[in-house]
Amino acid sequence: MTRRYIVRTYGCQMNEHDSERIAGLLEADGLVRAESEDDADVMVLNTCCIRENADNKLYGNLGHLKPWKDEREGRQIVVSGCLAQKDRDLVARKARHVDVVLGTHNVHRTADLLTASIEASAPVVEILDEAVVDDHVLFPSALPVRRETSYRGWVTIQIGCDNTCAYCIVPAVRGPEISRPYASIVDEVRDLAAQGVTEVTLLGQNVNSYGRDLQLAARRAGDTTARLRPLFGDLLRDVGAVEGIRRVRFTSPHPKDMGPETFSAMAETPSVCEHLHYPLQSGSDRVLALMHRGYTADRYLTRLAQARDAVPGLAVSTDIIVGFPGETDDDFERTLEVAAAAEFDDAFTFIFSPRPGTEAAELTDSFVDPEVSRERFARLRVIIERSSLAKNQAHEGATEEVLVEGPSKKNPSVITGRTRHNKLVHFTPPRSIRTGSYVAVEITRGAPHYLEGRFVDMIAESTHRLRIPVAVA
Ligand code: SF4
């Protein structure tokens, strides 16, 4: 009988893409996707340890899955991802009913470990300390991938991170930075385009340092022609030139490594979208130094101005942490000033919470009073909402290209999609429209977190079969 699987994903886009690879590997092994948990034989929890209380949530979820597993013979539970990498044997010790625990460096072994666990009397735990340097297993190019959408694809360009941001667990669980070979990335994008994908997002923890390790390795191997200059701009141009690719996005750049060559590539490659996610984290130089971010607020704003000069109409989003250990009122005032000066289109704002295993989690003596953090957070949100609203209202009256994503969750007769600036747009279509189509929409209203618009015209109908069922007004 055909076995069915379900993958639950926690965390970032890197994890979501890993989940696509896990799904692809399971399907290559003969499993099919389950419609629901009731229907599933294999449950994969692809975990993240970046969020607050991630471990408590995982162990809580695993507790709830014990009756699910006992209900039907042969059911299996897999725990993968960053939290599995960090907690290792602890996962199996706390939840003996788990069948497989695998980390971030051996996703390619999912199906093999699942098979091995059928014979095993105890959970099978396989965590590698570092990545196996082999393109076939590190990156999805040679692994089957079951992509969640047919018109949009994530493409991993590097894994790991060489930075040491004090609040971040990623270097510990994903290892040092390893860039994927250049040609392999461009080939994957060509394959995606041939399958009908029109939008790609290049994924890495620090995309602007992409290729540094490849160039150094080539130099060490005696290749004196290897250029020691940033490669990310070149990559944007080459990926953007692939026929059939209408939109290129990337995440995340690091302000300390972002330079003019990236801005020129963005400006000169029509398919690269006019959107930049540019994580600020704090506006205080003192806090930025405590975080080990490697830039000052001035440098951040200078680079931002260069980016906006190079790419007219650039939309900018950011991440900001409030209440980092030791943040004073003065430090926070600097963050407010920089946020106001930067006029962000959007911001992911967080109150600091310690992640076990990070340097910042040890700074308990300088933790900020939670009440103070909450009050600062609310003040920051006022600044962010103000600039978001102004930026969105500035689009009113413009006709923009929108990539259709699907019916609105709140009202299925309304369609949602995204502009090139990565803004969510709601509009009512005159007829059913396929997801993945590009349409022209006149923006009629800018709200703080979305735009509303009026359908104007079809730009490019998706070749995919799925149509959005809409009640035509
Ligand atoms: S750049 Fe900093 S925040 Fe980003 S993954 Fe690396 S260590 Fe974490």
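Numbering (the numbering used here), first residue to last: 27 to 499. Cβ atoms here follow ideal geometry from the backbone N, Cα and C, with glycine treated the same way.
Asked, Found
"Where the beta strand (DSSP E) through residue 279 begins and ends", "First-last for residue 279: undefined, no H or E at that position."
"Unbroken alpha helix (DSSP H) run spanning residue 207, endpoints", "Per DSSP, residue 207 belongs to no alpha helix (DSSP H) and is neither H nor E."
"Residue of 68, 64 and 260 minimising C-alpha distance to residue 57", "68"
"Residue 215: CB within 7 Å of a non-hydrogen atom of the ligand SF4", "no"
"Inter-stretch contact at 8 Å, needing at least 3 Cβ pairs: the region 114 to 128 / the region 377 to 396", "no"
"Residue 196 CB to nearest heavy atom of the ligand GTP below 7 Å", "Looking at this structure, you won't find the ligand GTP anywhere; what it does contain is the ligand SF4."
"CB-CB length for residue 117 against residue 70, believed under 8 Å", "That pair is no contact at about 13 Å."
"C-beta contact flag for residue 334 and residue 282 at 8 Å", "no"
"Euclidean distance between Cα positions of residue 222 and residue 176", "7 Å"
"Residue 444 versus 382, 363, 412 and 341, residue with shortest Cα-Cα distance", "341"
"Residue 150 versus 102, 54 and 224, residue with shortest Cα-Cα distance", "102"
"Endpoints, beta strand (DSSP E) assigned at residue 374", "372 to 377"
"Alpha-carbon to alpha-carbon, residue 82 and residue 323", "36 Å"
"Nearest-angstrom Cβ-Cβ length linking residue 173 and residue 225, presumed shorter than 8 Å", "At roughly 12 Å, the Cβ-Cβ gap does not stay under 8 Å, so residue 173 and residue 225 are not in contact."
"Distance, residue 355 Cα to residue 220 Cα", "54 Å"
"CA-to-CA distance, residue 97 to residue 91, given in whole angstroms", "10 Å"
"Cβ-Cβ distance between residue 276 and residue 314 below 8 Å", "no"
"Bridge partner(s) assigned by DSSP for residue 437", "Its beta-bridge partners do not exist; DSSP assigns none."
"Proximal residues to residue 40 (C-beta, below 7 Å), its chain only, five neighbours per side dropped", "229"
"Run of the alpha helix (DSSP H) containing residue 288, from where it starts to where it stops", "286 to 294"
"Segment contact, 8 Å Cβ cut-off, at least three pairs: the region 211 to 220 with the region 239 to 246", "no"
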